[in-house]
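Trainee: Sequence lines, in order, name chains P and E.
Per the numbering used here: the first sequence ends with 642, consecutive numbering throughout.
Per the numbering used here: the second sequence ends with 208, consecutive numbering throughout.
Once you've had a glance at the structure underneath, I'll fire off some questions.
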Amino acid sequence: MSSNQLDSKVPSGPLANKWDKHRFDMKLVNPSNKRKYTILMVGSGLAGGSAAASLAELGYNVKCFCFQDSPRRAHSIAAQGGINAAKNYQNDGDSIFRLFYDTIKGGDFRSREANVYRLSQVSVNIIDQCVAQGVPFAREYGGLLDNRSFGGAQVSRTFYARGQTGQQLLLGAYSALSRQIGLGNVEMYPRTEMLDLVLVDGHAKGIVIRDLVTGEISSYSGDTVVLGTGGYGRVFYLSTNAMGCNVTAAYRAHKRGAFFANPCYTQIHPTCIPVAGEHQSKLTLMSESLRNDGRVWVPKKAGDKRPANQIPENERDYYLERKYPSFGNLAPRDISSRSAKEACDAGLGVGDSGRGVYLDFADAIGRLGQNVIKERYGNLFEMYQRITDDNPYDVPMRIYPASHYTMGGLWVDYNLMSNVPGLHVIGEANFSDHGANRLGASALMQGLADGYFVLPYTIADYLARVGAQNISTDRQEFKDAEQQAKEKTAKLISINGKRTAESFHRELGRIVWDNCGMARNEAGLKKALHLIPELREQFWADLNVTGESGSLNQSLETAGRVADFMEFAELLCQDALHREESCGGHFREEYQSDEGEAVRNDKDFTYVAAWEHKGVGSPAALHKEELEFENVKLATRSYK
Amino acid sequence: MLDIVNEELAKTDIEPIHFDHDCREGICGMCSLVINGVPHGPQAATTACQLHMRSFKDGDAIYIEPFRARAFPVIKDTIVDRSAFDRIMQAGGFVSVNTGGTPDANAIAIPKTASESAMDSAACIGCGACVAACKNGSAMLFVGAKVSQFADLPQGQPEKTARAKAMVAQMDTEGFGNCSNYSECEAVCPKDIKVSVIAKMNREYLSATVKTLS
C-alpha cells in the first residue's frame, strides 16, 4: 500500500469565508462561451436533475442520461421524511454553524469541515429555490413553513411535504429539467445505461452507453462528465434502494482511475419493515420522522411472545430512551440501528423472525389524538398496513434496520471533481459531506446543494482552464472503450450456465450483510474476502442470461450490474478490514467501549481512505486525505 | 410474484417476462401492469408493486397485460413507452424560475388549505394508470393534477394562462383522448387523485382561451 496524500483543494482562510473567497478565485466561463461546452450528466435524481437543469439555464449544452424510462423516476423520489436547512424559522437556536456542527458530529468526525460548512450555508437557498418552483411543503395555519425534528439534532430544521418530501423535491428538479429539455438546452436520454468512462489524455471526455431498448452500444463525447448515479446500498442485495440502483457507473469510473473513498461507511437505517421471507427482493423504509412520536421498545424478558398490548409498562425496555436520555428515540441512525441489533441478538426481538423491535404510537395517539397522528404520518401508516397487514393505529409497528444509504463514494475535491480531471461526482455517488454517518434529512440537502448551488460554480473553473475541445467520438479511445463494453456484454450472454444473476446477487448480499453489515470483525471480513472471489468465479462460470443483447433485456441489465457488485463488494470489505476503529456506520466489534459504544482511533485513522483500482482480484492501493479539524474539537460522540 | 415466475422461467431457459418496476414502494411510478383487467390490479389506491398475493385466493387465475393506450406504445412484453407524459411536462409543467435569486421561502404566506390542496395534486406519480383505465385513453387526470397544483399556489399564477394552453395542446398532439366523465381514472389512481382536478384544468383552460380571445 502506498499512501500518497490527496489534495482536497480546500481554500485557505476562515471557515465562514472559504466558499465566498473560492467563488471569487475560481475562473468563470463568460455567458457567450458557455454554449461551446458540452456537459455529460449521468443520472437524473436530485443531484443530477438539479445540476442538469441549472447548468442548462446557465447556457451550457447538457446531455443527460438515466436508466429509468423518465428522469422523474430516479430513486431520490422515495425519500420520505424531509430536508434540513439552517433557516431557524422556529427561533429555536439553529444557525449555519449549528447545522455544520451537527453534521460533522453526526458523521463521527470523518468528513471535511469546509465541505460541510458550505453545505450548511447553501441549505437555506435550497428551500427558497424549491418553494419558488411550487414545491408544496407543509405549512402552518398562518401560511408559513412548518418544520419537524430529525435524528441527531435538537432543533426543528427539517422541511417536509407529508411523507413524500423526496418525491416533491425531485419533481421540482424534474420540472426545471423538463423546462430545459423543452427549450432544447438539455438532450435527455432515458432508458440508457452508462457502461464505461472514456479518458482522452487523462481527462474524462466521454462515456460509453447502452441503449436499453435497442441494446445498441455507442458513445458520447463532451468537455466534462458528471456522475450523479447514487449509492451502492444494493451490494447487500436486500436494501431500501430501488431494484435498478447500482454501482456500475461509479465502479467503472473507478476502474478507469477514479479513487473510491470510504466504501465501508454504509448506513443501515433503523426503521424499516422487517424481512418477511426468502423470496423478498426489497425492503421498505419507514421514515425516521416516525421517531418524533413513536417510542422504540422491546420486552425486558427474552422470548416474551405475548402480544404487545399484553406486555405491561414495567416489563418493557424503551432502550433508546434509557441509554440516550437527551436524544431518546431521536438518536442518530447508526446508534439506533446497532441498539436494535443488540436487543435482537440478546433474544429480545419481536415478531416471528425475532429480528424486529416495536415502534409504538400508543402514547402519542393518547396525547395528540389519532387525527393528529394521521395528519402527520397518514401515508406511512397506510403503507405499513398495506405491506404487513397490521394496523399501526392499534398495534405497534415492528421495525428492523436495513441498508439504506452509502456515505462512501468516489473521492472528490472541494470542487466536486475526482482525481481524474474532468470527472465530477455529485450527490450520494461522491463521498464528500456525511463522514461516517449521515443524519436524517441530509441526503436531499446534499443532492440539491451539489446540483443547484455548488457544481454550477465549480464546473466552470475546470472548463475555463481546459477550454472547449469539441472532441470526436471517432477517436481511438472511444472505439476501444466501446469494443470492451461490447465484449463484456457478449461474454455475459455467452456463459450459458445454470444460475440467474439475481440468485448470485442474493448470495453475494448475504455474504456482505453477514460479514460487513451493522457490525464487522476481522475474522468475518477475512472470510468475506475469501468467499467473494469464489462466488465471482462461479458467477463467470455458471451465469445464465436469457435473451439477446440487441434488444430490451432485463436479465442482461441485471447481470452487468451484479458483475460490478461482485468486484465492488471486495473493495468494501477491504476498506472495512483496513479501518481498525469504529466510527459511524462502520462498527468494528474489536473497537468498542465496555458499554458497547463505538471507539474511534483518531490518532491513526483521521483520514479519508481513497482506493485506487489495481486490477480485479488484486488489493486496491490506499491513498489518504488527512482530515483537519480547525473549527470543531474531535470528541467522543455522545447523545446521552 | 413475477420475480418468482421469472426465476422459474430462467431455469428452463425461457426468456423472462419483461416488466417495468423499480422502487417497489409505490412512489416511482414505474409499474405499468393491468391485472385482471384493472390498471394496478384490484386493490384501491395501490400500485401493482404494492399489491400482495394475499389479495387473491389460492387457485385464482391472474391475467397480466400492459397498459394499453394509443399514446403508450408497447416496447416489449408489458413494458410501454410513456414518454408522452414527459413531453407534456416539457410543454408547460413547471414554474419558469432559474436557479438562484429566488425570494426567501417565507416571503409569501400560503394558506394551509391551498398548500394541502396543491399537495393532493402533486402526489401524482405519473404512472399512467389513468390513461390505461380510460376508454378514450385520456390523460386529463395526469395533466389536471399538474395544472391544479400550480393553480393552487401563488408561484403558479404568472404563467397560468400559458401553462394550461401549452399542456393541453401537447396532450392533444400526443394522441390522448378526451374526458367523458366516467371517472375510471380516479378509481384506479394509486395516489387517489380526484377528478375535480380535471374540472379545475378545464376552468383554467377555458379562462386561458377566453383571455387570449379578448
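C-beta atoms are modelled at their ideal positions from N, C-alpha and C, and glycine is treated no differently.
Only a predicted model underlies this, so the values are computations on that prediction, with no experimental measurement involved.
1) State yes or no: is the C-beta of Gly703(P) within less than 9 Å of the C-beta of Leu361(P)?
2) Is it true that the CB of Tyr416(P) sits closer than 9 Å to the CB of Ala53(P)?
3) In terms of residues, what are the limits of the beta strand (DSSP E) holding Val228(P)?
4) Return helix, strand or coil for Leu574(P), following the three-state DSSP convention.
5) Is the CB of Arg62(E) under 9 Å away from at least one CB in chain P?
6) So is Tyr402(P) in contact with chain E if we call contact Cβ pairs under 9 Å?
7) Closest Cβ-Cβ distance between Gly20(E) and chain P: below 9 Å?
8) So Phe144(E) contacts chain C; which residues on that side make the cut at Cβ distance below 9 Å?
9) Checking 9 Å against the spacing of the C-beta atoms, do Phe79(E) and Ser26(E) come in under that value?
10) What is the rounded straight-line gap between the Cα of Ala112(E) and the Cα of Phe144(E)?
11) In chain P, which residues lie with their C-beta within 7 Å of the C-beta of Phe88(E)?
12) Using the beta-carbon of each residue, which ones in chain E are nearer than 9 Å to Asp391(P)?
13) I think Gly353(P) touches Gly305(P), with their Cβ atoms under 8 Å apart; what is that distance to the nearest whole Å?
14) Going by beta carbon distance, what residues of the same chain come within less than 7 Å of Gln37(E), once the five residues before and after it are set aside?
15) In the DSSP assignment, find the beta strand (DSSP E) that holds Phe363(P) and state where it starts and stops.
16) Using a Cβ-Cβ distance under 9 Å, would Val91(E) count as near chain P?
17) Please state the DSSP three-state secondary structure of Gly233(P).
18) Can you name the residues of chain E whose CB is closer than 9 Å to the CB of Pro458(P)?
19) Taking C-alpha atoms, which residue in Asp71(E), His34(E), Ala4(E) and Ile119(E) lies nearest to Gly499(P)?
20) Does Leu624(P) come within less than 9 Å of chain E when only Cβ atoms are used?
21) Return helix, strand or coil for Ile497(P), following the three-state DSSP convention.
22) How many Å lie between Thr167(E) and Ala65(E) at the Cα?
23) DSSP has Gly208(P) in a bridge; who is on the other side?
24) I'd like to know if Glu40(E) contacts chain P, where contact means its C-beta is closer than 9 Å to some C-beta of that chain.
25) Grouping DSSP H, G and I as helix and E and B as strand, with all else coil, what is Gly171(E)?
26) Would you kindly report the start and end of the unbroken beta strand (DSSP E) that includes Gln269(P)?
27) Between Glu110(E) and chain P, is the shortest Cβ-Cβ distance under 9 Å, so that the two count as touching?
28) Thinking C-beta only, is Thr226(P) closer than 9 Å to Lys257(P)?
29) Is there a Cβ of chain P sitting closer than 9 Å to that of Cys128(E), yes or no?
30) Within 10 Å of its beta-carbon, does Gln312(P) have 16 or more other beta-carbons around it, so buried, or fewer, so exposed?
31) Can the beta-carbon of Gly108(P) be found less than 9 Å from the beta-carbon of Arg602(P)?
32) Please state the DSSP three-state secondary structure of Met83(E).
33) Of all the options Leu48(P), Val64(P) and Ala255(P), which has the alpha carbon lying nearest to the alpha carbon of Trp413(P)?
34) Could you tell me if Asp186(E) is buried or exposed, where buried requires 16 or more neighbouring beta carbons within 10 angstroms of its beta carbon?
35) Taking the C-alpha atoms as reference points, what is the distance between Lys307(P) and Asn294(P)?
36) In chain order, which continuous runs of the beta strand (DSSP E) of length 3 or greater are located wholly inside the stretch 589 to 625 of chain P?
Mentor: Considering the structure as presented:
1) Within the shown structure, residues of chain P are numbered from 3 to 642, placing residue 703(P) beyond reach of any answer.
2) no
3) Thr226 to Leu229
4) helix
5) no
6) no
7) yes
8) The chain labelled as chain C is not found among the protein chains of the depicted structure, namely P and E.
9) no
10) 7 Å
11) Ser177, Ala178, Ser180 and Arg181
12) His46 and Arg48
13) About 13 Å; that fails the 8 Å criterion.
14) Leu45 and Ser49
15) It is not in any beta strand (DSSP E) - Phe363(P) carries neither H nor E in the DSSP assignment.
16) yes
17) coil
18) Thr93 and Gly94
19) Ala4(E)
20) no
21) coil
22) 10 Å
23) Val200(P) and Ser223(P)
24) Reading the sequence as shown, one finds Thr at residue 40(E) and not Glu. Chain P, which has a Cβ nearer than 9 Å to the Cβ of Thr40(E), makes this yes.
25) strand
26) Thr268 to Cys274
27) yes
28) no
29) no
30) exposed
31) no
32) helix
33) Ala255(P)
34) exposed
35) 27 Å
36) 609 to 614
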